[in-house]
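Chemist: Starting off with a structure, shown below.
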Amino acid sequence: MAVFGLDIDPKINRASITWIMTSPRVQANGIGTAMMSYANKMAKDSNMKVIDIAASHLSAPFFEKFGEKTIKEITDGWGLDMHRVDMELLL
């Protein structure tokens, strides 16, 4: 199973990936990549200029593969030893 959420804000021409998850049983099979490609297409088709994401230090490397750039890191931002990494992708 895999799901994602994309919030599109036409007032500021920015989209946000609100969450993206894949079951450990289906990870490393291209499903996350397919969801990211689809989210990027949806944002571009909606004339968004940027996609924002609030990742963790564990998920940030996945998003970097798609060109997301780190703009801010917050130690323990999601809780003890779970660091928040704010990222953005210019479309």
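Going by the numbering used here, the first residue of the sequence shown is number 1, and it counts up by one from there. Glycine included, C-beta positions come from ideal geometry on N, C-alpha and C.
Taking only runs of the beta strand (DSSP E) that begin and end inside the stretch 13-47, which ones reach a length of at least 3 residues, in chain order?
Modeler: Complete beta strand (DSSP E) runs here, min 3: 14-22.
Chemist: Three-state secondary structure (DSSP) at E64?
Modeler: Note: E64 maps to helix in three-state DSSP.
Chemist: Are the CB atoms of T70 and V85 nearer to each other than 8 Å?
Modeler: Yes.
Chemist: Are any of the Cβ atoms in chain B nearer than 8 Å to that of R25?
Modeler: No chain B appears in this structure, which consists of one protein chain only.
Chemist: Shortest alpha-carbon distance to G67 belongs to which of N13, E88, I12 and L6?
Modeler: Nearest option by C-alpha distance: E88.
Chemist: Report the option in G77, M36 and K49 whose CA atom is closest to the CA atom of W19.
Modeler: When each option's Cα is compared against that of W19, the closest is M36.
Chemist: Using the beta-carbon count (16 or more within 10 Å), is N32 buried or exposed?
Modeler: Rather than Asn, the amino acid found at residue 32 in this sequence is Gly. When all chains shown are included, G32 counts as buried.
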